[in-house]
Every structure is written in structure tokens, then in C-alpha cells.
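In the numbering used here, the protein residues as written are 9 to 357. All C-beta atoms in this analysis are idealised placements derived from N, C-alpha and C, irrespective of residue type, glycine included. Comments concern the structure below.
The structure is reproduced here in C-alpha cells:
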């Protein structure tokens with residue numbers, strides 16, 4: 009059942025300006041961190057208290073959903089997003105959930121997040137939602153300490169072997185930390201291309217599916233760029249594979265330095281690379297691809313004056329799978345090759 013928002017008529021202002029003045033003053037002094045998400049624009053407005061609660065300078069973040077997702081504790085993220093989608097899709101009637109958020113100093117605090125959809129489109133899709141974050145870290149810490157104390161007391165009653173227990177506990181904690189470090193190291197190796205130090209094909213496929221799900225969730229555009237080095241086989245045959253490897257490394261470094269933090273660069277294989285561009289429409293993505301093409305064509309390599317790249321670009325359409333999107337980008341790249349190379353071609357539906 010879709011929810012209906014009926015605010016209480018506490019204030020009756022004569023002008024919109026006086027209403028804005030009252031609202032801004034209230035959101036600046038309350039303890040809760042308020043937020044206002046507009047799905048049509050992709051903008052999330054947060055009050056100063058939201059930043060102060062987490063220890064960040066007011067206004068330091070981009071006003072978008074990435075900011076929110078990036079500060080959620082990784083262990084809580086899936087649970088939070090599932091709850092968010094269930095509510096916005098009308099599967100549950102209330103949005104209220106507790107999870108951890110990252111502070112400016114790198115630590116985490118527990119917050120209670122409450123929100124309400126106040127606008128939907130003709131298809132029932134949520135287009136605007138407002139809410140507030142309340143700091144409940146002190147309460148959670150007290151509850152945790154109480155539970156820990158009760159558990160310790162129970163343990164002492166059971167066996168009186170506190171010293172041995174503590175020693176075993178410390179040993180186990182140490183082993184767990186070492187294991188976690190090994191797991192992180194293995195994950196990095198398994199998702200990173202060893203030559204260029206950017207994401208590999210596995211990382212790209214995982215990231216693309218995640219970004220497509222996010223584009224569906226928040227109703228924004230996402231573009232995919234596929235590019236490769238022109239006549240790369242000739243470079244390897246003429247100058248050797250070591251020179252070819254150096255070119256790939258320079259390309260990866262140059263592209264990484266000229267895309268946004270929210271963008272993703274990965275090596276698809278051989279001389280092919282892919283770039284995921286969230287929140288960019290056809291025109292914006294084309295400008296990025298053209299900028300990268302120009303930058304790469306100006307790089308002078310030791311083996312020859314310059315090496316050019318061809319680019320294929322496609323914009324995601326609702327309902328497309330990640331595989332279908334990649335096929336479209338590959339077709340656009342093929343067109344760029346057929347049209348003379350060292351150019352950007354857009355996939356035409």
C-alpha cells in the first residue's frame with residue numbers, strides 16, 4: 009500500500025520566503041541531521057546538523073546519494089538498501105532503520121534513519137523523500153556494554169577461568185585480524201589487473217551490475233565507454249611486448265587521473281579498457297570520452313610519437329542487462345574502428 013504524507017499544520021506563513029526562513033532556522037538548530045532526496049534531479053539536500061553530527065565541514069560532500077551510501081558501514085549496506093527499496097516500492101509502510109555511519113575521523117557511530125516518501129509519479133515511483141538521522145551511538149554503546157557485562161558475569165559463574173579465557177580470546181582476535189588482512193589482500197589481487205593496477209574484468213562486471221542497480225533505484229542516467237588502442241598488434245610486433253605494456257600502463261594512469269571519483273576504470277583484456285560513468289547523460293558522457301581521446305592522442309611514447317585510441321559509447325536504457333549494455337558499447341567501438349579510428353562513436357538504437 010502506498011503511503012500518504014499529511015503534515016500537521018503547525019505554521020501558517022504568508023509568503024514562501026518567510027516559510028523558507030523558518031525551515032532553514034529549524035533545520036540548523038535541531039540535533040537531527042535532516043535530508044531531502046529529489047529523484048528527478050538526483051540532488052540530496054542535507055542540513056548543517058547532519059555534517060556536524062558526523063564531524064565533517066558543512067557542505068563538504070556532493071549533494072547526491074553516493075555520499076550517503078559511501079559513509080554506511082560495509083557490513084550494514086546491503087541491509088539498508090534492501091530496506092530502502094522495500095519502502096520506496098511500497099512493500100513495507102514504514103522507513104526506519106538503525107545502522108553505522110562513518111565519521112570524519114574514520115570511526116563509526118550508530119544512527120537511526122527515519123524517512124517518508126512525500127511525492128510519487130504517475131507510475132507510483134518515489135520521486136521525493138525526506139527524513140532525518142538521529143545519533144543513537146551512546147544508547148547502542150551502553151546496551152553493548154551491558155550485554156557484555158552480563159555475558160562476562162555469566163561466564164565467571166560457569167567456570168572461574170577468566171585468565172585462560174582472556175588469553176584464548178586475545179589469541180582468537182589476533183588470528184581473526186590476520187585472517188581479515190589476508191582476505192582483503194586476496195580480494196584486491198583477485199579484482200585488480202596486475203599490469204595496470206586498475207580493476208580487472210571481474211571487478212568491472214561486479215561494479216557495472218552494482219551501478220546499474222543503483223541507477224534503477226535512484227532514477228539517474230549511466231553511461232559506458234569501451235575503448236582500445238589503435239594498431240596495438242603492430243606496436244607489439246615492432247617494438248616488443250614490454251613497450252606495449254608500458255603504453256597500457258601510461259593509458260591507465262592518464263585515464264585514472266582524468267575521471268571522477270565516482271567513475272570506474274577497468275581493463276577488459278588485452279588493449280581494451282572500459283569506463284563506467286554514473287549520472288552522466290549522452291552529451292555529458294560524450295564530452296568525457298572525447299576529452300580522454302584527445303589526452304591519450306597527445307601522449308608521446310618512447311617507441312613512437314603517439315598512440316591513438318578508438319572509443320565506443322552507450323547510455324543505459326531502463327531494463328537493459330549489463331551484458332546487453334556491453335554489447336552495445338562494443339558495437340559502437342567497432343563503428344569507430346570502421347570509421348577511421350581515433351574517434352568517439354555513440355551507439356545508435
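Can you tell me whether DSSP reads residue i as helix, strand or coil?
{"i": "residue 53", "result": "strand"}
{"i": "residue 224", "result": "helix"}
{"i": "residue 140", "result": "strand"}
{"i": "residue 263", "result": "helix"}
{"i": "residue 7", "result": "Because the chain is modelled from 9 through 357, residue 7 falls outside the range shown and cannot be assessed."}
{"i": "residue 37", "result": "At residue 37 the pLDDT is 47, less than 50, meaning the model places this residue with poor confidence and gives no usable figure here."}
{"i": "residue 124", "result": "strand"}
{"i": "residue 69", "result": "coil"}
{"i": "residue 257", "result": "helix"}
{"i": "residue 103", "result": "strand"}
{"i": "residue 307", "result": "coil"}
{"i": "residue 205", "result": "coil"}
{"i": "residue 275", "result": "strand"}
{"i": "residue 350", "result": "coil"}
{"i": "residue 84", "result": "helix"}
{"i": "residue 338", "result": "helix"}
{"i": "residue 251", "result": "helix"}
{"i": "residue 44", "result": "strand"}
{"i": "residue 355", "result": "coil"}
{"i": "residue 64", "result": "coil"}
{"i": "residue 280", "result": "strand"}
Return the CA-CA distance between residue i and residue j, expressed in angstroms with no decimal places.
{"i": "residue 213", "j": "residue 231", "result": "14 Å"}
{"i": "residue 34", "j": "residue 100", "result": "Summary for residue 34: the model assigns pLDDT 47, below 50, so the residue's position carries little reliability; its value from the coordinates is reported in the next sentence. Near 30 Å, if we compare the C-alpha coordinates of residue 100 and residue 34."}
{"i": "residue 299", "j": "residue 317", "result": "12 Å"}
{"i": "residue 256", "j": "residue 63", "result": "41 Å"}
{"i": "residue 54", "j": "residue 128", "result": "21 Å"}
{"i": "residue 57", "j": "residue 222", "result": "27 Å"}
{"i": "residue 245", "j": "residue 314", "result": "16 Å"}
{"i": "residue 154", "j": "residue 104", "result": "24 Å"}
{"i": "residue 242", "j": "residue 78", "result": "43 Å"}
{"i": "residue 326", "j": "residue 220", "result": "9 Å"}
{"i": "residue 119", "j": "residue 51", "result": "22 Å"}
{"i": "residue 226", "j": "residue 270", "result": "15 Å"}
{"i": "residue 186", "j": "residue 42", "result": "39 Å"}
{"i": "residue 180", "j": "residue 157", "result": "20 Å"}
{"i": "residue 86", "j": "residue 48", "result": "24 Å"}
{"i": "residue 67", "j": "residue 112", "result": "13 Å"}
{"i": "residue 145", "j": "residue 109", "result": "10 Å"}
{"i": "residue 277", "j": "residue 184", "result": "35 Å"}
{"i": "residue 46", "j": "residue 136", "result": "5 Å"}
{"i": "residue 31", "j": "residue 175", "result": "Bear in mind that the predicted position of residue 31 carries a pLDDT of just 48, short of 50, making it unreliable; the figure below should be weighed with that in mind. Taking the straight line from one Cα to the other gives about 55 Å."}
{"i": "residue 249", "j": "residue 89", "result": "45 Å"}
{"i": "residue 291", "j": "residue 297", "result": "10 Å"}
{"i": "residue 293", "j": "residue 357", "result": "17 Å"}
Determine the extent of the beta strand (DSSP E) in which residue i is found, giving its start and end residues.
{"i": "residue 318", "result": "317 to 323"}
{"i": "residue 232", "result": "230 to 237"}
{"i": "residue 288", "result": "Segment: none, residue 288 is in no beta strand (DSSP E) and carries neither H nor E."}
Along the chain, where does the alpha helix (DSSP H) that runs through residue i open and close?
{"i": "residue 77", "result": "73 to 79"}
{"i": "residue 246", "result": "240 to 247"}
{"i": "residue 269", "result": "Residue 269 -> no alpha helix (DSSP H), and no H or E assigned at all."}
Taking buried to mean at least 16 other C-beta atoms within 10 Å of its own C-beta, is residue i buried or exposed?
{"i": "residue 178", "result": "exposed"}
{"i": "residue 341", "result": "buried"}
{"i": "residue 160", "result": "exposed"}
{"i": "residue 239", "result": "exposed"}
{"i": "residue 252", "result": "buried"}
{"i": "residue 117", "result": "buried"}
{"i": "residue 9", "result": "Because the pLDDT of residue 9 is 43, which lies under 50, any placement of that residue in the model is unreliable, and the number read from its coordinates should be weighed accordingly. Its Cβ having fewer than 16 others within 10 Å, residue 9 is exposed."}
{"i": "residue 149", "result": "exposed"}
{"i": "residue 189", "result": "exposed"}
{"i": "residue 130", "result": "exposed"}
{"i": "residue 202", "result": "exposed"}
{"i": "residue 272", "result": "buried"}
{"i": "residue 80", "result": "buried"}
Between the beta-carbon of residue i and the beta-carbon of residue j, is there less than 9 Å?
{"i": "residue 1", "j": "residue 323", "result": "As displayed, the chain neither begins before 9 nor continues past 357, which places residue 1 out of reach and without an answer."}
{"i": "residue 122", "j": "residue 142", "result": "yes"}
{"i": "residue 275", "j": "residue 207", "result": "yes"}
{"i": "residue 204", "j": "residue 259", "result": "yes"}
{"i": "residue 65", "j": "residue 234", "result": "no"}
{"i": "residue 301", "j": "residue 281", "result": "no"}
{"i": "residue 331", "j": "residue 344", "result": "no"}
{"i": "residue 102", "j": "residue 134", "result": "no"}
{"i": "residue 303", "j": "residue 266", "result": "yes"}
{"i": "residue 237", "j": "residue 279", "result": "yes"}
{"i": "residue 72", "j": "residue 107", "result": "no"}
{"i": "residue 262", "j": "residue 197", "result": "no"}
{"i": "residue 139", "j": "residue 124", "result": "yes"}
{"i": "residue 69", "j": "residue 286", "result": "no"}
Hey, does residue i have any beta-carbon neighbour from chain B nearer than 9 Å?
{"i": "residue 176", "result": "No chain B appears in the structure shown, which is made up of a single protein chain."}
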